[in-house]
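Residues 52 to 151 in this note's numbering are what the sequence shown spells out, letter by letter.
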Amino acid sequence: MADGFGTTTEEMVRAAGQVRAVSDAVNGELARLRSQLGPLQGQWSGSAATAFAQLMAKWDTEARRLNEALGAIGEQLGGTATTYQQQEDQNRTAITSVLG
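Okay, structure coming up:
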């Protein structure tokens, strides 16, 4: 297929799994980062600490949004793979019934 898009159910399932794996890795890194920064925030005070806490809260919110997007992409890929396979099965059944 030189022009256009082609895929298989297996490729979509594999891609969904890879996206989920990235999402899990991001969650793990975020948890690790939070565990390392938690003690620092408890010992730090002043305007720089306040600015850092605000920046960290914003960063955390954006990282959470990114991870939610990754989760949604993984779910959509998985759902698309299921729909794709169902359509392939219906097409095969229709063609088989025509062939008799």
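For glycine and all other residues, C-beta sits at the position ideal for the given N, C-alpha and C.
Extent of the continuous alpha helix (DSSP H) to which residue i belongs
{"i": "S148", "result": "98 to 150"}
{"i": "D54", "result": "Counting along the chain, D54 falls outside any alpha helix (DSSP H), and DSSP gives it neither H nor E."}
{"i": "T59", "result": "Element bounds for T59: n/a, residue is neither H nor E."}
Whole-number beta carbon distance between residue j and residue i, since they are thought to touch under 8 Å
{"i": "V70", "j": "L128", "result": "6 Å"}
{"i": "Y92", "j": "A104", "result": "The sequence given here has Gln at residue 92, not Tyr. Yes, Q92 and A104 are in contact; Cβ-Cβ is about 6 Å, under 8 Å."}
Test item: CB-CB of residue i and residue j under 8 Å
{"i": "T60", "j": "Q138", "result": "no"}
Meets three-Cβ-pair contact criterion under 8 Å: the segment 105 to 122 and the segment 138 to 150: Contact between the segment 105 to 122 and the segment 138 to 150 is absent, with fewer than three C-beta pairs closer than 8 Å.
The segment 123 to 138 touching the segment 62 to 77, judged by at least three CB pairs closer than 8 Å: Three or more beta-carbon pairs drawn from the segment 123 to 138 and the segment 62 to 77 are found closer than 8 Å, and the two stretches are therefore classed as touching.
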